[in-house]
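Visitor: Heads up: the protein sequence lines correspond to chains A and B, in order. Taking full-length UniProt numbering, the leading residue of the first sequence gets 1, the next gets one more, and so forth. Taking full-length UniProt numbering, the leading residue of the second sequence gets 1, the next gets one more, and so forth. Ideal placement from N, C-alpha and C gives every residue a C-beta, glycine not left out.
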Amino acid sequence: MTDRLDPITAEIIRGNLIGITNEMKTNLMRTAYNQIIYEAQDFTVGLFDSDGETVSIGLGLPMFVGGLSHAVKAMIEHFGRDGIDPGDVLLTNDGFLSGSHLNHIIVVLPVFADGRIVAFSASMAHWADVGGVLGGTTHDIYSEGFQFPMVKIVKAGVEDRELLAIIELNVRFSNLALGDLRAQLAAVRTGEARIVELAARYGADVLDAAFQAMFDASEKRARAAVLAIPDGEYRASAEMDDDGVRVGQRVPIDVTVRIEGDRFIVDLSRMSPQVPGYYNSGEAAGLSAVHVAFKALTSPTEGPVNAGSFRPAEVILPPGTVVSAQRPAAMRWWMTYPMTLVDCIFRALAPAVPNLAIAGHHADIGVATAFGEDSETGRLFVFVHAAQGGGWGARRDADGESATICINDGDTHNTPIEANEVKRSGLLATRYELRPDSGGAGRRRGGLGTTFEWQVEAGMRFNSSVERTVMAPWGLEGGTAAFPNAVRRREPEGGIVTLPSGKADSLPLAPGESFIVETGGGGGFGDPAERPATEVLADVTAGYVSVDAARELYRVAIDGDQDGWRIDEPATAELRRTR
Amino acid sequence: MSRVAIDIGGTFTDVVAMDERGAISVGKSLSTPSHLLEGILTGLRYSGTEVEDVDFLLHGSTVVINSLIERRGADTALITTEGFRDVYEIGRVNRPDAFNLAFRRPRPLIPRRRVFEAPERMRADGSVHRSLDEAAVREIARRLRVDGVESVAVALLHAYRNPDHEIRIGEILAEELPGVFVSLSHELSREYREYERTSTVAANAFVGPVVADYLAELDRAFEGSGGAIAIMQSNGGLAGIERIRRQSVQMLESGPAGGVVGTIETCRRLGYEHAIAFDMGGTTAKASIVRDLAFPIAAEYFVGGYAEGLPIRVPCLDIVEVGTGGGSIASVDVGGGIRVGPRSAGSEPGPACYGRGGTDATVTDASLVLGIIDSNQKLSGGLELHADAARDAVSAVADQLGLSTPAAAGGILQIAAASMATAVRAVTTERGLDPRDFAMFAYGGNGPVHASLIARELGITRVVIPVLPSVFSAIGMLLADLRHDVVQTRIQPLAGLDAGFQERIDALKAECLVALQEGGMPDGPTRHLIALDMRYVGQEHVLTLPIDDAPIDPVGLAGAFDEGHRVRFGHAAPGQPVEIVSLRVSAIRSIARTEPEVLPAGSGSPSPESRRPDRLVLFDIGAEPLRCAVYERAALLAGDEIEGPAAIEEETTTTLLRPGDRAVVDATGALLLEIGAAR
């Protein structure tokens, strides 16, 4: 605390910052035009200090937690403090700045008080279209859409008509794009108005002091949490299926974490080099992945999300890896690999923090699209299936959660079957169910993945972008791995064929055929033979675990049928004794 | 004879009786969760009313919400469409608490072993894709009988569009399982979104038998009165006991709904059209927004909060809650910062000043330290205040921060006010409204104490403290109308509307009228509210547009939708095709009632009899305490004016006027505050 700042004012300002970012978030969702923003919550809003350090983030998209700060700092460097004037609004969608795909448009507004920049108010939102190849495979960033370097979309209060015209000409749905841009501007202006109000009440210097005091307090809490982790070097690795171009060639994810006192050092030098396919992401994504894992382990529910709470996390990330890709790498599916990176950090640290650790999760959004000619209008339709939810890993004290969105996303919802069917004829849902036995076995069981089956009633084609169909979500401390993700096809005769890869490319489907997306489960935690037999019985009764898995993995013999299951005590004792 | 409202809250059961002349008497008793009726009868006795004197009983209760949150309900089964057994357990897959690895998804009320699939399938257009296998349903019923299931929920895909299969299953269950409670999803909600509809019917079936028992007991207890019993619903209207027995999820938020109805009715008497309803109790503060005297309705409700709560999709009071109340605890965290709430001392042990073992400093303790609350004041239930305990608790926090005890107390109040202001912002600025355009009604036991400070946070200049603010929800129930809503999803383009659409509206209106009549409810003049959920083709979210109860004009509707979209979402797309998603019809029937008494006019300034001894109150952390005039509210007359600083005391609460504030007593008994310089 400084002389100018008392603890009461500090706390009132902190509460206000959370409130302001919430308000920016609701305003963006309320006024955004495209569904990806208000249904999938693919956006982030935030407030930053005059150096671009995160003061408060309103999610949106957890995996973008560092992307905005990264961009604001680059803006300050690019334009220079003197080059940014009141009434300016800065914009970019440079993927190598945001770390992500070109659909992520970043808007930054400088907030002036007492004659100087006191803060920045910024938003990122996923635009439905930014030009580029429609679906399918991309090989470089140029095929993925228009790229805006750091520009002033508004100069001293005046919109740049030429820039807007360039955007309009380069996107497929310009009314959506400009609508979303207006929503982003409204959101950052909400942040501006409220910060100006706070500055008028307390003074710009007190506001600065409050930001710094908040950083220091958060850092203190985070360092205390890191100190509790035993010193040492921890390493974990995993494999992605492929990059969508070099089919079947595995891509290594490899993480080393060093704990030195209150320092949390993550070395990503062993990550795969950037790939020819479209699964690369930029440095900001690599750093954000570390921050997501770090926050989850040290201060998961502390608000606001601010730079201080990340200070103990140091990241060694050389350029040119798959999470620090250099131009002209393709980045359309940027969000997939970092999810497995986050899981690897949890995996590496599991021996050090067994009370916090979580086993692997399904780590994919499960996107599949069906497209064809609409029988009524004759026009092309694209039906997007995503976010059906999969299993999460078990923890020392709790079973994993079933059917939950992956760690890249937060408050993202699936689409109701009734809403999908009422909109689009030609597709009929036939199953949406939990996958029995898909959760890893353990003293704590992993969460279950789900199966979704769509039957097509007219001919159409099918794309999917599903990863981690090979390497299963792992267990911890003797818990077993879960089922991985899968994409399958049901033929008209009823036979089910598993596709060789989760990345189907324009696969034709005949009327009566189905496509099936199965999400993986979460890994188990601890020795399955130590799970109380009564809990195994409850799992069998509920249908989460089969009788066979109960016997093979949990070493519990269960008798009976749907009308009543019971434990065969002597057989169980024998099974558990002889394993 | 009296009309009596009984509002059961978490801590207190409030009884308010109004006789034929409009005179009001109050009885407040401690709630008795294990046997709610006990608290009711005690409260009734305290109010000086006999069972035989009750000619109409209005009732709101926490019985449904408690049963759901504590998961004490019937052994319940669920029947779904084949292939979709897990819709209820899978839910919407979202994870609101993004960084928390210990997140918990909403837990179903019905375990998976009690979920059964019926072979059948409807299509989105209401046609039958696969007919119902009745033999399979009878087989399920046999299983349920063997298992001794007490209640069954039925939720089939697209039943909102064609309920035939649900109805047939209901008939079969009635034959096979006589006496078992059966609830069909389309009876509660005819909107699409299968998870939400399933969750709604599951909750209703789960609590149904419990509520039926409770209502039967209530009915018996008041048999001697001969008057009808009506239940306060979350939609701001009353319904007969028989309807609530079948649809008990309608009474989830009956208490808060009563407060908002009270706000609307007070607005009507004051000539206001818009207001913020702000209710501050012991553990939370809640805000709602009233516009054009309409009861604010949200499409959805989450039991126990959004993050882990199960959704209930019936029209429900639109309200935002923050975890700040009189019992919120102030503490210093690891990082050295002060926090107020969300941890609360609740009613057990309560704030330190209650002298019941609490040692944490709460908002109420801070108020006592500052002199805002009189330490000689008696609390409900005969509790005495312990000023020493409050001072000790607050000074412990002050020491950790290096502040004086009064400075810490002042700070705790400011932080609490800033936090409660966010609830008001959530229903105003976050929806494009300016809170300064509204009068803020402050009630609940703590609302009048903190209203001025919260108003200053928001720049609000008009605050209303209604009569009997600490039992205001019960007051609202006395003034409520009967209400029934039907919402029906059927997607159709606006351009193609024909006579059939008007027939649908008329059919739903008729259905509402039948529902209002049930249970011997009194007759009265009835009006309908009609609204359409509309969107541009291709959008997912909808805008609810109220329309006149007049023949439909598609062109005019399109224009009104464009304009409504612009106001709500900031943009519009005139000329783009528009579709109607759902039709909302409500019937509201006014019941003849006595108007509450009017206060006689005074001289313009409070009489000497209304004065109590002055006391010192610390308003500004950096300044000296100010001598503060104290008044007894019951002795004030219409037209009396009071300048801040002042405290206006009544049983169970205190209205605080800060320096610069001014209050006028209205003939309704409400205190109309003008808030001085902002902040």
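Does the beta carbon of residue 411 of chain A sit closer than 7 Å to a beta carbon anywhere in chain B?
Guide: Translated into the one-based positions of the first sequence, residue 411 of chain A becomes position 411. So, interface residue.
Visitor: Reducing DSSP to helix, strand and coil, say where residue 539 of chain B ends up.
Guide: Along the second sequence, one-based indexing puts residue 539 of chain B at 539. Residue 539 of chain B: coil per DSSP, three-state reduction.
Visitor: Roughly how many angstroms separate the alpha carbons of residue 2 of chain A and residue 207 of chain A, rounded to a whole number?
Guide: Translated into positions along the first sequence, residue 2 of chain A becomes position 2. Translated into positions along the first sequence, residue 207 of chain A becomes position 207. Residue placement at residue 2 of chain A cannot be trusted, given a pLDDT of 44 that sits under 50; what the coordinates show is reported in the next sentence. Between residue 2 of chain A and residue 207 of chain A, the C-alpha separation is close to 11 Å.
Visitor: Look at the Cβ atom of residue 655 of chain A, then the Cβ atom of residue 533 of chain A, and state whether they are nearer than 7 Å.
Guide: There is no way to answer for residue 655 of chain A, as the model of chain A reaches only from 1 to 579.
Visitor: When DSSP labels each residue in this structure, what does residue 548 of chain A get in the three-state scheme?
Guide: Mapped onto the first sequence, residue 548 of chain A falls at position 548. Three-state DSSP puts residue 548 of chain A in a helix.
Visitor: Please list, in chain order, all residues of the same chain as residue 583 of chain A whose beta carbon is under 6 Å from its beta carbon, the five residues on each side excluded.
Guide: Here chain A covers residues 1 to 579 and nothing more, so residue 583 of chain A does not appear.
Visitor: Let's test the definition: count the other Cβ atoms within 10 Å of the Cβ of residue 484 of chain B and tell me whether it reaches 16, buried, or not, exposed.
Guide: Stepping through the second sequence from its first residue, residue 484 of chain B is reached at position 484. Its Cβ being crowded by 16 or more others within 10 Å, residue 484 of chain B is buried.
Visitor: Residues in the same chain with beta-carbon distance under 8 Å from residue 318 of chain B, minus the five sequence neighbours each way, listed in chain order, please.
Guide: Here residue 318 of chain B corresponds to residue number 318 of the second sequence, with the count starting at 1. Within the same chain, residue 318 of chain B has close Cβ partners 288, 289, 296, 297, 298 and 427.
Visitor: Thinking residue 395 of chain A and residue 345 of chain A are a contact (beta carbons under 8 Å), I'd like their distance in whole angstroms, please.
Guide: Position 395 of the first sequence, counted from the start, is the residue given in the question as residue 395 of chain A. Position 345 of the first sequence, counted from the start, is the residue given in the question as residue 345 of chain A. Going by Cβ atoms, the distance from residue 395 of chain A to residue 345 of chain A rounds to 15 Å, so no, they are not a contact pair.
Visitor: So for residue 302 of chain A, helix, strand or coil by DSSP?
Guide: Along the first sequence, one-based indexing puts residue 302 of chain A at 302. Looking at residue 302 of chain A - three-state DSSP - the assignment turns out to be coil, as it is neither helix nor strand.
Visitor: Please determine if the stretch 420 to 432 of chain A and the stretch 447 to 458 of chain A are in contact, where contact requires at least 3 C-beta pairs separated by less than 8 Å.
Guide: Touching, per the Cβ criterion.
Visitor: Less than 7 Å between C-beta atoms, sequence neighbours within five positions excluded: which residues of the same chain meet that for residue 67 of chain B?
Guide: On the second sequence, residue 67 of chain B is found 67 positions in, with the first residue counted as 1. 73, 207 and 210.
Visitor: How do the stretch 456 to 469 of chain B and the stretch 536 to 556 of chain B stand: do at least 3 beta-carbon pairs fall below 8 Å, yes or no?
Guide: Segments in contact, no.
Visitor: Measure the CB-CB distance between residue 152 of chain B and residue 471 of chain B and report whether it falls below 7 Å.
Guide: Counting from one through the second sequence, the residue named residue 152 of chain B turns up at place 152. Counting from one through the second sequence, the residue named residue 471 of chain B turns up at place 471. Their beta carbons are not under 7 Å apart, which means residue 152 of chain B does not touch residue 471 of chain B by this criterion.
Visitor: Tell whether a beta-carbon distance below 7 Å holds between residue 281 of chain B and residue 473 of chain B.
Guide: Along the second sequence, read from residue 1 onward, the residue named residue 281 of chain B stands at position 281. Along the second sequence, read from residue 1 onward, the residue named residue 473 of chain B stands at position 473. No. Outside cutoff.
Visitor: Roughly how many whole angstroms lie between the Cα atoms of residue 649 of chain B and residue 413 of chain B?
Guide: Position 649 of the second sequence holds residue 649 of chain B. Position 413 of the second sequence holds residue 413 of chain B. Each residue's alpha carbon lies about 19 Å from the other.
Visitor: Rounded to a whole number of angstroms, what is the C-alpha to C-alpha distance between residue 7 of chain A and residue 235 of chain B?
Guide: Walking along the first sequence from the start, residue 7 of chain A turns up at place 7. Walking along the second sequence from the start, residue 235 of chain B turns up at place 235. Those two C-alpha atoms are separated by around 42 Å.
Visitor: What are the partner residues of residue 152 of chain A, as DSSP defines its beta bridges?
Guide: Here residue 152 of chain A refers to the residue found at position 152 of the first sequence. Partner(s): A:90.
Visitor: Counting only the same chain and skipping the five closest in sequence on each side, list residues whose C-beta sits under 7 Å from that of residue 211 of chain A.
Guide: To locate residue 211 of chain A, count along the first sequence from 1; it is residue 211. Cβ neighbours of residue 211 of chain A beyond the five flanking positions: 49 and 55.
Visitor: Are the C-beta of residue 675 of chain B and some C-beta of chain A separated by less than 7 Å?
Guide: Here residue 675 of chain B refers to the residue found at position 675 of the second sequence. So, not an interface residue.
Visitor: Using 8 Å as the cut-off, can you tell me whether the stretch 257 to 271 of chain B makes contact with the stretch 503 to 521 of chain B, which would need three or more C-beta pairs spanning the two stretches below that distance?
Guide: Counting Cβ pairs under 8 Å, fewer than three are found: no touch.
Visitor: Could you compute how far the alpha carbon of residue 277 of chain B sits from the alpha carbon of residue 189 of chain A?
Guide: One-based indexing of the second sequence puts residue 277 of chain B at position 277. One-based indexing of the first sequence puts residue 189 of chain A at position 189. The straight-line gap from Cα to Cα measures roughly 28 Å.
Visitor: Near residue 204 of chain A, which residues of its chain fall below 8 Å by C-beta distance, leaving aside the five closest residues on each side in sequence?
Guide: Taking the first residue of the first sequence as 1, we reach residue 204 of chain A at position 204. Contacts found: 113, 114, 116 and 118.
Visitor: Would you check if the stretch 511 to 528 of chain A and the stretch 464 to 474 of chain A touch, i.e. whether three or more CB-CB distances between them fall below 8 Å?
Guide: Yes, the stretch 464 to 474 of chain A is in contact with the stretch 511 to 528 of chain A.
Visitor: Secondary structure at residue 232 of chain B, three-state DSSP: helix, strand or coil?
Guide: To locate residue 232 of chain B, count along the second sequence from 1; it is residue 232. Three-state result, residue 232 of chain B: strand.
Visitor: 7 Å is my cut-off, CB to CB: does residue 280 of chain A come that close to chain B?
Guide: Against the first sequence, residue 280 of chain A aligns to sequence position 280. Chain B, which has no Cβ nearer than 7 Å to the Cβ of residue 280 of chain A, makes this no.
Visitor: If the cut-off is 8 Å on Cβ atoms, which residues from the stretch 30 to 51 of chain A count as contacting chain B, listed in chain order?
Guide: Listed by position, the residues of the stretch 30 to 51 of chain A near chain B (Cβ gap below 8 Å) are 30, 31, 33, 35, 38 and 39.
Visitor: Determine the contact status of residue 191 of chain B and residue 586 of chain B, defining contact as a CB-CB distance below 7 Å.
Guide: Residue 191 of chain B sits at position 191 when you count from the first residue of the second sequence. Residue 586 of chain B sits at position 586 when you count from the first residue of the second sequence. It is not a contact, given that the beta carbons lie outside the stated cut-off.
Visitor: Applying a beta-carbon distance threshold of less than 7 Å, which residues of chain B neighbour residue 218 of chain A?
Guide: The count along the first sequence starts at 1 and reaches residue 218 of chain A at position 218. Those within 7 Å of residue 218 of chain A in chain B are 335.
Visitor: Taking DSSP as the reference, what is the three-state secondary structure of residue 175 of chain A?
Guide: The residue you call residue 175 of chain A lines up with position 175 of the first sequence. Three-state DSSP puts residue 175 of chain A in a helix.
Visitor: Find the residues of chain B that neighbour residue 422 of chain A, judging by a C-beta separation of less than 7 Å, and give them in chain order.
Guide: On the first sequence, position 422 is the one that residue 422 of chain A refers to. By Cβ distance, chain B contributes 124, 192 and 491.
Visitor: In the DSSP assignment, find the unbroken beta strand (DSSP E) run with residue 462 of chain B in it and report its ends.
Guide: Indexing the second sequence from 1 puts residue 462 of chain B at position 462. That run of the beta strand (DSSP E) goes 462 to 465.
Visitor: Kindly list, in the order they appear in chain B, the residues whose Cβ is closer than 7 Å to that of residue 575 of chain A.
Guide: The residue you call residue 575 of chain A lines up with position 575 of the first sequence. The premise fails here: residue 575 of chain A is roughly 24 Å from chain B at the closest Cβ pair, so nothing lies under 7 Å.
Visitor: With H, G and I counted as helix, E and B as strand and the rest as coil, what does DSSP make of residue 247 of chain A?
Guide: Locating residue 247 of chain A in the first sequence gives position 247, counting from the first residue. Coil at residue 247 of chain A, not helix or strand.
Visitor: According to a CB-to-CB cut-off of less than 7 Å, which residues of the stretch 202 to 230 of chain A neighbour chain B?
Guide: Result list: 217, 218, 220, 221 and 224.
Visitor: Name, going along the chain, the residues of the stretch 87 to 118 of chain B whose beta-carbon falls closer than 9 Å to a beta-carbon of chain A.
Guide: For the stretch 87 to 118 of chain B, which is checked against every Cβ of chain A, the residues closer than 9 Å are 87, 89, 90, 91, 92, 93, 94, 95, 96, 97, 98, 99, 100, 101, 102, 103, 104, 105, 111, 112 and 113.
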